[in-house]
Structures are given as structure tokens and as C-alpha cells.
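Here's the structure we're looking at; comments come further down.
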Amino acid sequence: MSRADMDKIRRIISDIFYIPFDEVTETSSPDTIENWDSIQQLNLVLALEQNFKMQFGPDEINQMKDAMAIYNIVTSKLLKKFND
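Following numbering that gives the first Met the number 0, the numbering of the sequence shown begins with 0 at its first residue and continues without gaps.
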């Protein structure tokens, strides 16, 4: 994945949580974004699945604790998909 992909993830987070793109960092998480609750987490997962054309399992969703963790999960799935 590239910086563009991280920016895509940041844009999705920005859109889902209604915060400015510039405020979304690699460490953005439920601790730093006030309205990041369980329902918004599901909306985030759905948006990620649509944008990256993939599905996440329960364990992966539970690991999505911040923007960098999301990036790592998406990267891992894309690499696996590419290598299959």
C-alpha cells in the first residue's frame, strides 16, 4: 500500500466521523475521536469494505483500534489477495 491508501483510509474516517481530514492521523482512535462508538465503528467497517472491495472478519474488526491498525489490516488483506 501507499501513502495514497493511508490517505484514503483517513478520508473514510473523516467522512464517517464528520471531522476534518487534517485532524485524522495514524493514531486517531476512539480515544481521540469523540463520536467513535460501536455503531460508527460498524459504519466505518462497511465503508472500508466498500472502498477496498474486501470483507473483514470479527477478529480483524476487533483489531481496528486506530487508523494505523486499520491500514495494517487492509494492507495485509491486499497483499494476501495479490499473492493468491
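Glycine included, C-beta positions come from ideal geometry on N, C-alpha and C.
Of all alpha-carbon atoms in 22, 1 and 63, the one lying nearest the alpha-carbon of residue 47 is that of 63. Residue 43 counts as buried, since no fewer than 16 other beta carbons sit within 10 angstroms of its beta carbon. When the Cα atoms are used, residue 50 and residue 72 turn out to be separated by approximately 14 Å. Spatial neighbours of residue 5 in its own chain (CB-CB distance under 8 Å, excluding positions within 5 residues in sequence) are listed in chain order as 25, 66 and 70.
The shortest C-alpha to C-alpha distance from residue 77 to any of 37, 57, 61 and 52 is the one to 52.
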